[in-house]
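Numbers 1 to 232, taken from the UniProt record's numbering, label the letters of the sequence shown in order. Even glycine gets a Cβ: it sits at the ideal position worked out from N, Cα and C. Computed from a prediction, not measured in an experiment: that's the story for all the values here. First comes the structure, then the notes that go with it.
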Amino acid sequence: MINITAVQFRDGDNKLSIFNVYNAYKDYKSIDALHSFMEANREDIYGNGGQAMWCGDFNHHHPLWDDDANIRLFTNTALEAAERLINLTTEYDMHQTLPKAIPTLCHQHTKKYTRPDNVFASQGIQEGLLYCNTVPEIHPARTDHFPIVTVIEFRREPTPRRPTWDYRMADWGEFKEVLNDLLETQEWPAIEDTNKFNTQVETLTNILQETIHATVPVCTGWLGAKRWWTKE
């Protein structure tokens, strides 16, 4: 059974692809499907500095992530099965973000802790990783897996400040005076058809723009600015 959910976030040229994987016990179908998808969509995922995360229940045990005390889990069969996932992380330069030996499951009957779940991320995410750990105290009732919380800091270029009209500092008396003067320079015949209506709308728009340019000061603005409105 293949069980993978994927989502890609975009912010301008920045891309982050997150894959949530469930790989059934003694099965490789989901991992093989992940491999095939990554291979077929490598440019869309990693192109132009794109980053990726793989997380979920991979159902594999290995000394790279399990507690060394769980030696009973490191059978030859288990280690051989885990190599498929390890080779895939090597091929795509994915790094384990959840530290080794942190358990992700408490068996409901034996109460033993194991680590079938994991989180892997590309190098760019590793550089911005702030936190990755389990939160056992909030795991839902009648479940044995622990939630994993990952916090990542993404750096992005600040939005360039574009000049805007500072209407708060406008002299509205001067604005009205200039506007009236410009309105008086035009003839305003009766509107008898659509063409005349459109012509007068364009003329009025141009007059308003000219008045704004002549009387309203310009400011560069700042990112923390809030909307403003009059007391009325």
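May I have the straight-line CA-CA distance separating Asn-133 from Gln-96, to the nearest angstrom? In the sequence shown, the residue the question calls residue 133 occupies position 133. In the sequence shown, the residue the question calls residue 96 occupies position 96. Roughly 12 Å separates the two Cα atoms.
Checking 8 Å against the spacing of the C-beta atoms, do Ile-4 and Ala-33 come in under that value?
As a working mapping, residue 4 is identified with position 4 in the sequence shown. As a working mapping, residue 33 is identified with position 33 in the sequence shown. Yes; because the gap between Cβ atoms is below 8 Å, this pair is in contact.
Could you tell me which residues DSSP puts in a beta bridge with Leu-129?
Here the question's residue 129 lines up with position 129 in the sequence shown. As computed with DSSP, Leu-129 is found in a beta bridge with Ile-152.
* Asked: Going straight from the alpha carbon of Thr-211 to that of Pro-158, what length do you get?
  -> Mapped onto the sequence shown, residue 211 falls at position 211. Mapped onto the sequence shown, residue 158 falls at position 158. CA-to-CA, the gap between Thr-211 and Pro-158 works out to about 32 Å.
Cβ shell of Ile-152 (< 7 Å), same chain only, five flanking positions each side left out:
Against the sequence shown, residue 152 aligns to sequence position 152. Cβ contact annotation for Ile-152 (same chain, cutoff 7 Å, sequence separation greater than five): Ile-125, Gly-128, Leu-129 and Leu-130, in chain order.
Inside the segment 79 to 151 only - beta strand (DSSP E) runs reaching at least 3 residues | 117 to 121 and 129 to 134, all fully within the segment 79 to 151.
Pair every Cβ in the segment 104 to 123 with every Cβ in the segment 133 to 145, then say whether three or more of these pairs are closer than 8 Å.
Contact holds: three or more Cβ-Cβ distances are below 8 Å.
message = By DSSP's criteria, Tyr-28 is part of a beta bridge. Which residues make up the other side?
response = Within the sequence shown, residue 28 is the residue found at index 28, counting from 1. BP columns for Tyr-28 are empty, so no partner.
Cα separation between Arg-42 and Met-53?
To locate residue 42, count along the sequence shown from 1; it is residue 42. To locate residue 53, count along the sequence shown from 1; it is residue 53. Each residue's CA atom was taken as its position, placing Arg-42 and Met-53 some 13 Å apart.
Using three-state DSSP, classify Lys-209 as helix, strand or coil. Taking the sequence shown and counting its residues from 1, one reaches residue 209 at position 209. A small correction: the amino acid at residue 209 is Gln; Lys does not occupy that position in the sequence shown. Helix.
- Alpha carbon of Phe-19 to alpha carbon of Glu-39, nearest angstrom: What you label residue 19 is simply residue 19 of the sequence shown in a count that begins at 1. What you label residue 39 is simply residue 39 of the sequence shown in a count that begins at 1. If you take the alpha carbons of Phe-19 and Glu-39, they lie about 14 Å apart.
Environment of Ile-94 [buried if 16+ CB atoms lie within 10 Å]: If you number the sequence shown from 1, residue 94 lands on position 94. The residue you asked about is not Ile; residue 94 is Met in the sequence shown. Around the CB of Met-94, 16 or more other CB atoms lie within 10 Å, so the residue is classed as buried.
Exercise for review: Assuming Val-216 and Pro-163 form a contact by the criterion Cβ under 8 Å, report the distance between their Cβ atoms to the nearest whole angstrom.
Suggested key: Translated into positions along the sequence shown, residue 216 becomes position 216. Translated into positions along the sequence shown, residue 163 becomes position 163. A Cβ-Cβ distance of about 11 Å is found for the pair Val-216 and Pro-163, leaving them out of contact under the 8 Å criterion.
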